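Okay, so the sequence shown: first residue is 293 according to the working numbering, each after it adds one.
Just so you know, even glycine gets a beta-carbon here, dropped at the ideal spot from N, CA and C.
Everything numeric in this text was worked out from a predicted model, so none of it was measured.
Beneath this line is the structure, given in structure tokens, with notes to follow.
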Amino acid sequence: MYKGYPVCALYSGGKDSTYALHWAFLKGFNVKCLVTLKPRTAESWMFHYPAVDVTELQAKALGLPQVFEHTEGRRGSELEDLKRALRKAAEKYGIKGVVTGALLSDYQRMNINFIAEELGLKVYSPLWRKDQAAYLRELVEEGFEFILTSITVWGLPPTLLGKVVTMEDVEKIIELADRYGFNPAFEGGEAETLVVYAPLFKSRIKVEGRRVRLGEYEWRLEVTRAWLEGS
Numbered sequence: 293m294y295k296g297y298p299v300c301a302l303y304s305g306g307k308d309s310t311y312a313l314h315w316a317f318l319k320g321f322n323v324k325c326l327v328t329l330k331p332r333t334a335e336s337w338m339f340h341y342p343a344v345d346v347t348e349l350q351a352k353a354l355g356l357p358q359v360f361e362h363t364e365g366r367r368g369s370e371l372e373d374l375k376r377a378l379r380k381a382a383e384k385y386g387i388k389g390v391v392t393g394a395l396l397s398d399y400q401r402m403n404i405n406f407i408a409e410e411l412g413l414k415v416y417s418p419l420w421r422k423d424q425a426a427y428l429r430e431l432v433e434e435g436f437e438f439i440l441t442s443i444t445v446w447g448l449p450p451t452l453l454g455k456v457v458t459m460e461d462v463e464k465i466i467e468l469a470d471r472y473g474f475n476p477a478f479e480g481g482e483a484e485t486l487v488v489y490a491p492l493f494k495s496r497i498k499v500e501g502r503r504v505r506l507g508e509y510e511w512r513l514e515v516t517r518a519w520l521e522g523s
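This is the structure in structure tokens:
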């Protein structure tokens, strides 16, 4: 059904966009490139901010070209930035569709769909409304290795920052999400993630950094060094 269909993957480097990319390959799509929006501020409504520069290493590990577009992260203007990035991908790589990691955010999904429709592109969001606890477990079971790069919610311990999430960590996160009332897959921005290894990666990404406290329960991993293992 999808075999050879040319698409790009909206790619932030987090677990959701990496899983969606994985799905696209399994379904036989011809993934031509990654499209990454680089916010100049942490206040972006739609795109990841922490550690987004590491996506260049992820693109190398995946063996895929990457289209970058800077965005101010302001509501409204970032939609024009997304349109510009997708237009670049269409002109350079001949894509006809977009694969996204949208999970629960109607704002994110509807805006991506709106922009794609304007450009004549189809949208594929394989994670949409997926059971989030089951999804977290599935990530670890299928060999995805990811770390937390930011925490913005009460209940998540900062010790999780920079640590590859294990199945034990997943069960703890699910328990804490139930106790403190946050989304276990972090779809509400409770935390952001960075994938350091996935089944499609040709090598692991090594990350060094330090934990920075931004508020009472807000933390960020400040990445000081990142490299491909063996390089």
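Check: residue i C-beta below 7 Å from any heavy atom of the ligand FAD
i      : result
Leu520 : Judged by which ligands are present, the structure shown has none, so any question about the ligand FAD falls away.
Closest residue to residue i among the options (Cα-Cα distance)
i      : options                           : result
Lys307 : Val344, Arg505, Leu448 and Leu374 : Val344
Tyr294 : Lys375, Tyr416 and Pro331         : Tyr416
Leu486 : Val299, Ala301, Ile387 and Tyr311 : Tyr311
Ser309 : Leu419, Asp398, Ala426 and Leu448 : Leu419
Val390 : Gln350, Val327, Val432 and Glu361 : Val327
Tyr297 : Ala382, Glu370, Leu371 and Asp373 : Ala382
Lys324 : Phe474, Leu492, Tyr509 and Lys388 : Lys388
Lys375 : Val359, Ala408 and Pro357         : Ala408
Gly393 : Glu479, Leu354 and Val462         : Glu479
Asn475 : Val445, Phe493 and Val432         : Val445
Ala301 : Glu510, Leu413 and Glu482         : Leu413
Leu431 : Leu411, Ile443, Gly447 and Glu463 : Glu463
Thr258 : Ala477, Arg429 and Ile443         : Lying outside 293 to 523, the shown extent of the chain, residue 258 is not represented and no answer is given.
Asp461 : Gly481, Glu433 and Leu356         : Glu433
Leu282 : Arg421, Phe317, Gly447 and Ala426 : The structure shown does not extend to residue 282, since the chain is modelled only from 293 through 523, so no value can be given for it.
Lys384 : Glu370, Phe360 and Ser369         : Phe360
First and last residue of the uninterrupted beta strand (DSSP E) at residue i
i      : result
Asn322 : Asn322 to Pro331
Phe360 : Gln358 to Thr363
Leu513 : Trp511 to Leu520
Ala483 : Ala483 to Tyr489
Lys498 : Ile497 to Arg505
Gly389 : Gly389 to Val391
First and last residue of the uninterrupted alpha helix (DSSP H) at residue i
i      : result
Ala301 : Run containing Ala301: none in the alpha helix (DSSP H); it sits in the beta strand (DSSP E), Pro298 to Leu302.
Glu370 : Ser369 to Tyr385
Lys352 : Thr347 to Leu354
Ala316 : Lys307 to Leu318
Sequence-distant residues of its chain with Cβ nearer than 7 Å to residue i (five each side left out)
i      : result
Gly522 : Ser495
Glu508 : none
Ala425 : Ile466 and Pro476
Sequence-distant residues of its chain with Cβ nearer than 8 Å to residue i (five each side left out)
i      : result
Thr516 : Glu500, Gly501 and Arg502
Gln358 : Tyr303, Cys325, Leu326, Val327, Thr328, Thr347, Glu348 and Ala351
6 Å CB neighbourhood of residue i in its chain, flanking five on each side removed
i      : result
Val504 : Arg512 and Glu514
Trp519 : Lys498
Pro449 : none
His362 : Lys330
Gly320 : Tyr294 and Lys295
Interface flag, residue i vs chain B, CB-CB below 8 Å
i      : result
Gly412 : Protein chains in the displayed structure number just one, and chain B is not present.
Q: Please specify which runs of the alpha helix (DSSP H), each continuous and at least 4 residues long, are wholly inside the stretch 404-459, giving them in chain order.
A: 424-433
Q: For the stretch 450-457 and the stretch 466-477, state whether three or more C-beta atom pairs, one from each stretch, are separated by less than 8 Å.
A: no
Q | Three CB pairs or more closer than 8 Å across the stretch 435-443 and the stretch 388-405 | A | no
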